[in-house]
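Chemist: Sharing a structure, written as structure tokens. Questions coming.
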Amino acid sequence: MITHPFKAASAFLRALPLVLSKELRLFILVPLLANFFLMGLIYMVAFSYFQSLLDSAMGYVPEWVSFLNWLFYLIFGAIISVLLFYSFSVGINILAAPFMAFLAEKVEEKQTGKIFDEELTATVVLLIIGRSLQRELQKILYFLPRFILLLLLSFIPIVNVIAPVLLLLFSCWMLSIQYMDYAFDNNKVKFHDMRMALRTKPLLCWTFGGIVMVGLTIPFFNLFVMPIAVVAATLLWISVFRSEHGDFSALLDRSNGTL
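Structure, rendered in structure tokens:
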């Protein structure tokens, strides 16, 4: 478990040359164009509305706790940032999901020699698109109730002090789920089963999600984070989940409950 953060970081380093390879360029171009457009919207909304939303939220803080204004600024700032981030990232992920699924397939084929489909027919393409959109809906349904619960915790005295930390960890977890899912889905692993597998390696998932989160804050580089994250996640599927747990049912037997 101690080595898991290093495995996550190593996967990103190995992903960079693969992203630039000639074989994968076609599956990266369209998501990049979508990123250019939607990331522009993110920054426009962030700069236009962030301060006004923060000021409106601060208006609900009672006068008698005004000495804690700095703390509420941090809490509300974190909540609004996460809301803006997920509002647009959901749109990006839905639009790019089929292309990311294709990208994960090609990476696994390139690294392992496994062939998913001998011919990329129209029927196969439609099936992948339909399956990808279904998985995106499952992620949204998984995310929303948990995010709302964390949001409510932010308004409970004392508990709200740790709310930003919980939101940060949950954001890293969701980013891990988002990008790990493509390789798992390509290998016909159910969404629930994938979550059970990821639960066995929390440090790996938090590190992976944290790297993605940091990458998304870097101007210009954030446009390339999505394909890099998909490639890195696929490499982790190959090197960690597939090789260490060839019998996937044995892995699930070791985990109980849901996160």
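Per our numbering, residue 13 is the first one in the sequence shown, and the count goes up by one each step.
Idealized CB from N, CA, C, for every residue including glycine.
So, is Q146 buried or exposed, given that buried needs 16 or more other C-beta atoms within 10 angstroms?
Modeler: With fewer than 16 Cβ atoms within 10 Å of its Cβ, Q146 is classed as exposed.
Chemist: Would DSSP call P169 helix, strand or coil?
Modeler: coil
Chemist: Three Cβ pairs or more, each shorter than 8 Å: is that satisfied between the segment 146 to 157 and the segment 179 to 194?
Modeler: yes
Chemist: Under 6 Å Cβ to Cβ from V243, same chain only, skipping five residues before and after it: list those, please.
Modeler: A27, L30, V31 and V119
Chemist: When the Cα of I170 is compared with those of L83, N199, D205 and S60, which residue comes out closest?
Modeler: L83
Chemist: For the segment 195 to 205 against the segment 244 to 255, do three or more pairs of beta-carbon atoms, one drawn from each stretch, fall closer than 8 Å, so that the two count as touching?
Modeler: yes
Chemist: Between the segment 227 to 244 and the segment 203 to 215, are three or more C-beta pairs nearer than 8 Å?
Modeler: no
Chemist: Would you mind reading off the limits of the alpha helix (DSSP H) that contains V177?
Modeler: A175 to N198
Chemist: How many whole angstroms separate the CB atoms of A20 and T229, which I take to be in contact at a CB cut-off of 8 Å?
Modeler: Between T229 and A20 the Cβ distance is about 18 Å, and since that is not below 8 Å, they are no contact.
Chemist: For the alpha helix (DSSP H) containing I240, name the first residue and the last one.
Modeler: V237 to L248
Chemist: Have a look at L36 and L180 and give me their C-alpha separation to the nearest angstrom.
Modeler: 32 Å
Chemist: Which residues in the same chain have their Cβ closer than 6 Å to the Cβ of K213, if we skip the five residues on either side of it in sequence?
Modeler: H16
Chemist: Using 10 angstroms around the beta-carbon of W185, count the other beta-carbons present and answer buried if the total reaches 16, otherwise exposed.
Modeler: The Cβ neighbour count for W185, taken over all protein chains shown within 10 Å, is at least 16; the residue is labelled buried.
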